[in-house]
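Chemist: Sharing a structure below in structure tokens format, with a few things to ask.
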Amino acid sequence: MTEKDLVTISEAAEILGVSVDTLRRWDKSGKLSPIKTSGAGYRLYDGSQIELFLNNLFGLAQDWVFRGTEIPSQFYCSNSAVFQARLIRMQDILMEVAELSSIFSLIVAVAGEIGNNSFDHNLGNWPDTPGIFFSYDIHKRSIVLADRGLGILATLRRVKSELNTDEESLQVAFTEILSGRAPESRGNGLKFVRKVVAENPIGLLFQTGNAELLLSKDSGVLDIRPSSKPFRGCLALITF
Amino acid sequence: MQVELKKFGTTLLSRQNGREAFAAFQSNLASLGEKEDLKLDFEGIITFSPSWGDEFLSPLIKQYGSRMVLMNTGNPSVKATLELLEKINQLTFNVG
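Residue numbers (our numbering), protein chains in the order written: chain Z, 119 to 358; chain E, 6 to 101.
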């Protein structure tokens, strides 16, 4: 590491898309500490350290849904229009990857359905922070989406009041076609996700409440289990 | 009447955009003859999803039935979406 690889706290805040105060808090909590302090007492960060921090997409999304910590602005879609624009950018990048030519449109559609589901089901009802976390790493072949919304159980209960557990709600959301979902004319996107994942080399981890679902190609029976850390909202990891 | 869906965009994903496209499309439908087919061409569509499709295609097939003909549906996301919409609506699209 040379001195020229070091960045100030203001520069680090700009790269990460968070405030300087947030970086000070992250230093105190140990989430992201400066590599050294200058003689004058200024925090200095290493460029590659920031890069590594940004690369842990799933960890960043988990921190956001579990604890409500601030997330880098480049990963935050405050509304559906921002999400659509970033999704199209991801589509354009995936289109250039030769080995994904037969499935890239399915990957984009799956990510689109999961992200749009978050917006459609929480519109006007976001408990605190509206919007979603959306990021991807084409080299690691992964996409992460998360929201701090009501979660699948609460939104499905509006049309299926007999649902009691997060595990039941995942089962219904991914398998049962709900017709005539008055007063809502939406739903069924997660059935599409299941179908596409089961028929293609795509993997999915989907968490909501205290349950999680694992899906992969040819998975006939849904693998739904309790998750280790309950939270409100949804968290999804798509691999391909 | 033949309509190129790419005129609504080549990435058709959200319900909101599907609803807006359907509303905008109403003026085109006014000139459709009583026995004329409504041909929807997917040529040039890059990504398609059930959310957009449900807002746009589901009401049209309920209204026009087999007079609605879908063309160039080879894109994998188009195919997967149409299969799901057929299941949801319990009907079969007329694919030309």
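For every residue, glycine included, the Cβ atom is placed at its ideal position computed from N, Cα and C.
Taking DSSP as the reference, what is the three-state secondary structure of residue 55 of chain E?
Modeler: Counted from its first residue, the second sequence places residue 55 of chain E at position 50. In this structure, residue 55 of chain E counts as helix in the three-state DSSP scheme.
Chemist: Where does residue 213 of chain Z fall in DSSP's three states?
Modeler: Taking the first residue of the first sequence as 1, we reach residue 213 of chain Z at position 95. Three-state DSSP puts residue 213 of chain Z in a helix.
Chemist: Taking the CB atoms as reference points, tell me whether residue 327 of chain Z and residue 271 of chain Z lie closer together than 8 Å.
Modeler: Counted from its first residue, the first sequence places residue 327 of chain Z at position 209. Counted from its first residue, the first sequence places residue 271 of chain Z at position 153. It is a contact, given that the beta carbons lie within the stated cut-off.
Chemist: Anything in chain Z within Cβ reach of residue 21 of chain E, meaning under 7 Å, just list it in chain order.
Modeler: Against the second sequence, residue 21 of chain E aligns to sequence position 16. In chain order: 198.
Chemist: Using a Cβ cut-off of 8 Å (strictly closer), state whether residue 54 of chain E contacts chain Z.
Modeler: Along the second sequence, one-based indexing puts residue 54 of chain E at 49. So yes, residue 54 of chain E belongs to the interface.
Chemist: Which residue's Cα is closest to the Cα of residue 349 of chain Z: Z:142, Z:258, Z:325?
Modeler: The residue you call residue 349 of chain Z lines up with position 231 of the first sequence. For the residues Z:142, Z:258, Z:325, the minimum Cα distance to residue 349 of chain Z belongs to Z:325.
Chemist: Taking all protein chains shown into account, do 16 or more other C-beta atoms lie within 10 angstroms of the C-beta of residue 257 of chain Z, making it buried, or fewer, making it exposed?
Modeler: Taking the first sequence and counting its residues from 1, one reaches residue 257 of chain Z at position 139. Answer is exposed; the Cβ neighbour count stays below 16.
Chemist: So the beta strand (DSSP E) residue 321 of chain Z belongs to, where does it begin and stop?
Modeler: As a working mapping, residue 321 of chain Z is identified with position 203 in the first sequence. From DSSP, the beta strand (DSSP E) with residue 321 of chain Z extends over 321-333.
Chemist: I need the DSSP call for residue 265 of chain Z, collapsed to helix, strand or coil.
Modeler: Translated into the one-based positions of the first sequence, residue 265 of chain Z becomes position 147. Correct three-state label for residue 265 of chain Z: strand.
Chemist: Verify the CB distance criterion: does residue 85 of chain E have a CB-CB separation below 8 Å to chain Z?
Modeler: What you label residue 85 of chain E is simply residue 80 of the second sequence in a count that begins at 1. Interface residue, yes.
Chemist: Nearest to residue 208 of chain Z by CA position, among Z:317, Z:147, Z:255, is which residue?
Modeler: The count along the first sequence starts at 1 and reaches residue 208 of chain Z at position 90. Of the candidates Z:317, Z:147, Z:255, the one whose C-alpha sits nearest the C-alpha of residue 208 of chain Z is Z:255.
Chemist: Give the secondary structure of residue 250 of chain Z by DSSP, where H, G and I count as helix, E and B as strand, and everything else as coil.
Modeler: Translated into positions along the first sequence, residue 250 of chain Z becomes position 132. Three-state DSSP puts residue 250 of chain Z in a strand.
Chemist: Please tell me whether residue 92 of chain E has its Cβ less than 8 Å away from any Cβ of chain Z.
Modeler: If you number the second sequence from 1, residue 92 of chain E lands on position 87. So yes, residue 92 of chain E belongs to the interface.
Chemist: Please work out which residues of its chain come closer than 7 Å, Cβ to Cβ, to residue 90 of chain E, disregarding the five sequence neighbours upstream and downstream, and give them in chain order.
Modeler: Sequence index remark: in the second sequence, residue 90 of chain E carries index 85 (1-based). 55, 58, 59, 62, 63, listed in sequence order.
Chemist: Would you kindly work out how many angstroms separate the C-alpha atoms of residue 229 of chain Z and residue 157 of chain Z, rounded to a whole number?
Modeler: Here the question's residue 229 of chain Z lines up with position 111 in the first sequence. Here the question's residue 157 of chain Z lines up with position 39 in the first sequence. Answer to the nearest angstrom: the Cα atoms are 47 Å apart.
Chemist: In whole angstroms, what separates the C-alpha of residue 283 of chain Z from that of residue 178 of chain Z?
Modeler: Here residue 283 of chain Z is taken as the residue at index 165 of the first sequence, counted from 1. Here residue 178 of chain Z is taken as the residue at index 60 of the first sequence, counted from 1. Going from the Cα of residue 283 of chain Z to the Cα of residue 178 of chain Z covers about 27 Å.
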